[in-house]
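Peer 1: Pasting a structure here, questions to come.
Residue numbers (this note's numbering), protein chains in the order written: chain A, 479 to 657; chain B, 4 to 69.
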């Protein structure tokens, strides 16, 4: 009997200890989430995958990085079996960049190495995610959702360009070739 | 034919594979929770500390996306 009470007391102490650990993790997640506005990229925008190449935004000539008149930087990328168009994406260092993805075929996904950029690309939707790149240089952006036999060959390069080499052309476009 | 007057030898101490002495059981039960906590306690602390290190030293420095 004495042992049973002792066991019960030990179990209650253990439950309190584990609850303390879970509370610490939740406080950290919720606290930093609210302080830095951390949340998964959630964006609801529809696009017809059958006419993607005819759409105003995702035509071939409009793909890549463009600096708008207000200075905001947007990159438009088509993910298709088994390549990203364009294959090299120039982005400015230390400036917020908005990535917009669409696909005409199957589900793809991307992540950009050494960053928290990570999103799915679904037919019928525009996936949008914004990030800042503090470090100049090349980093890899592979497809991380199995999309077919050529999936492992599907990757792009994100080239983070320092301000001194960042020269948008007259239309505000920047490509890897020019940087 | 077994002789029913002879008691079974199964309960004799030398034939019992794991004789349980009640007092010995009491002694073991007193130690069991301490042993479990000594093992699981530091491991849970290590798990939480490891998670916090990855969160603050890897996840947050990689930048906020939205």
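Even glycine gets a Cβ: it sits at the ideal position worked out from N, Cα and C.
Between residue 620 of chain A and residue 39 of chain B, what straight-line distance do the alpha-carbon atoms span, to the nearest angstrom?
Peer 2: Looking at the two C-alpha atoms, the distance is approximately 45 Å.
Peer 1: Could you check the C-alpha separation between residue 655 of chain A and residue 499 of chain A for me, to the nearest Å?
Peer 2: 51 Å
Peer 1: Is the distance from the Cβ of residue 617 of chain A to the Cβ of residue 592 of chain A below 7 Å?
Peer 2: yes
Peer 1: When you compare only the Cα positions, how much space is there between residue 604 of chain A and residue 581 of chain A?
Peer 2: 8 Å
Peer 1: What residues in the segment 36-48 of chain B bring their beta carbon closer than 9 Å to a beta carbon of chain A?
Peer 2: 36, 37, 39, 40, 43, 44, 47, 48
Peer 1: Going by beta-carbon coordinates alone, are residue 571 of chain A and residue 614 of chain A separated by less than 7 Å?
Peer 2: Cβ distance < 7 Å, so residue 571 of chain A and residue 614 of chain A count as in contact.
Peer 1: Would the segment 512-521 of chain A count as touching the segment 557-571 of chain A if we require 3 or more Cβ pairs under 8 Å?
Peer 2: no
Peer 1: Which residues does DSSP pair with residue 600 of chain A in a beta bridge?
Peer 2: Residue 600 of chain A is not bridged to any residue.
Peer 1: Please name the residue in A:584, A:551, A:540, A:607 whose C-alpha comes closest to that of residue 590 of chain A.
Peer 2: A:607
Peer 1: Please classify residue 557 of chain A as buried or exposed, where buried requires at least 16 neighbouring CB atoms within 10 angstroms.
Peer 2: buried
Peer 1: In terms of residues, what are the limits of the beta strand (DSSP E) holding residue 453 of chain A?
Peer 2: The displayed coordinates of chain A run from 479 to 657. Any statement about residue 453 of chain A would go beyond what the structure contains.
Peer 1: Sort A:630, A:497, A:549, A:651 by Cα distance to residue 586 of chain A and report the nearest one.
Peer 2: A:630
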